[in-house]
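Written below as structure tokens is the structure these notes are about.
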Amino acid sequence: MEELLEKLDTYRKEIIGTEISGADAAEAYRIRFLGTKGIVKNLFQEMKNVPAERKKEFGQILNEFKQLAESKYDEVKPNAQRPTPNANQMDWSLPGDPISIGTRHPISIVRNRIVQIFGRLGFSVAEGPEIEDDWHNFTALNLPEDHPARDMQDTFYIHKNPDWLLRTHTSSVQARVMEKQKPPIRIICPGRVYRNETISARAHCFFTQCEGLYVDENVSFADLKQTLYFFVQEMFGKSVKIRFRPSYFPFTEPSAEMDISCLICGGSGCNVCKHTGWVEILGSGMVHPKMLQNFGIDPNKYTGFAFGMGVERICQLKYRINDLRLYSQNDLRFLKQFVSAT
Ligand SMILES: [Zn+2]
């Protein structure tokens, strides 16, 4: 027992007297005193040799010794005295957290391209409100009272008398421009429009249109054809052909649908073009004289043409996207495919 106490005293002196510096020395100290075969453990094992009447006394001494050994290690162990780094001690050369860069939405890519192509022909961008009144959306555009588009089933009305609705086409922007501006007018109006449709792969309650309007003296159907031909060649490539089919729109006369030769089969026939070799791309026509009159433009002096296309449709043909819902589902797997598209 006395021998044990002497040993303990020697160790106590060693602990107090030793200077420990550095992680290696601290680790060596830990192994020597606190390790699984260390001094503290060994001393506790000596307990069994201590006479019963002195066990309590020895136990207390041993516990105090253990605390001394541990507190010494707490002071010197690695990290114990390391100061919290401040701004000046930070390693600014370390790489930072990556910032993931988004991609343009395919609709934005195609819309920007349309704006760019027509911009080169002198068309400027015009914009208007998405909540429209009856006059700008229907009446001014020569849409008759009984036109189906005026039906509650096809259009989102948000107010009755006076009628306010979510615009069903961007032609309302043309109306607003003709109201304020005198010819020459040369504008394109890209924007979102709304129809009360059941959402499916081929129809959606909102989509993007881009309409164009050119009003000036001596504007002819030949100008219309040449302008749109230039557009599709710039959008889809020089080998694309166009054809016009007679059609009807209330605000143009004559009116025509324009097709382009199928981009997949080049005109020989495939599933995309339903084996006709042609795909429909936009509607167009010469501005109806009555519409010019509605805005105080003399139809004997001025003529014009107008056209309208669905941006999703152009996108579908350009990138082979066959489901309209993909555009608004915010699915990153879809959107990230356009990282290098221009
Ligand atoms: Zn085809």
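According to the numbering used here, the sequence shown is numbered sequentially starting from 24. From the three backbone atoms N, C-alpha and C, an ideal C-beta is built for every residue, glycine too. On a predicted model such as this, the values are computed, not experimentally measured, just so you know.
Query	Result
Runs of alpha helix (DSSP H) lying entirely within the segment 75-105, each at least 4 residues, in chain order	78-99
Proximity to I287 [Cα-Cα], best of T275, S262 and P273	S262
Option nearest L57 by Cα separation, candidates N86, R77 and E155	N86
Short Cβ contact (8 Å threshold) for V238 with V310	yes
V295 Cβ short of 7 Å to ligand 1 heavy atom set	yes
T326, buried or exposed, once every other Cβ within 10 Å from all chains shown has been counted against 16	buried
Of the residues L91, E335, P273 and P322, the one placed nearest E303, counting alpha carbons only	E335
Outcome for N294 when other beta-carbon atoms lying within 10 angstroms are tallied against a minimum of 16	exposed
Distance, G119 Cα to Y252 Cα	50 Å
L117, buried or exposed, once every other Cβ within 10 Å from all chains shown has been counted against 16	exposed
Cβ neighbours of E155 in the same chain (closer than 8 Å, five flanking residues each side left out)	W187, L188, L189, R190 and S195
Identified DSSP bridge partners for T231	R215
Where the alpha helix (DSSP H) containing Y180 begins and where it ends	Y180 -> not in any alpha helix (DSSP H); beta strand (DSSP E) instead, spanning Y180 to H182.
Residues near E276 in its chain [Cβ-Cβ closer than 7 Å; skip 5 each side]	G308, M309 and H311
Beta strand (DSSP E) runs wholly inside the segment 235-291, at least 3 long, in chain order	265-272 and 275-284
Close-in-space but distant-in-sequence residues of the same chain around F357 (CB under 7 Å, 5 per side omitted)	L349
Boundaries of the beta strand (DSSP E) in which W187 is found, first to last residue	W187 to L189
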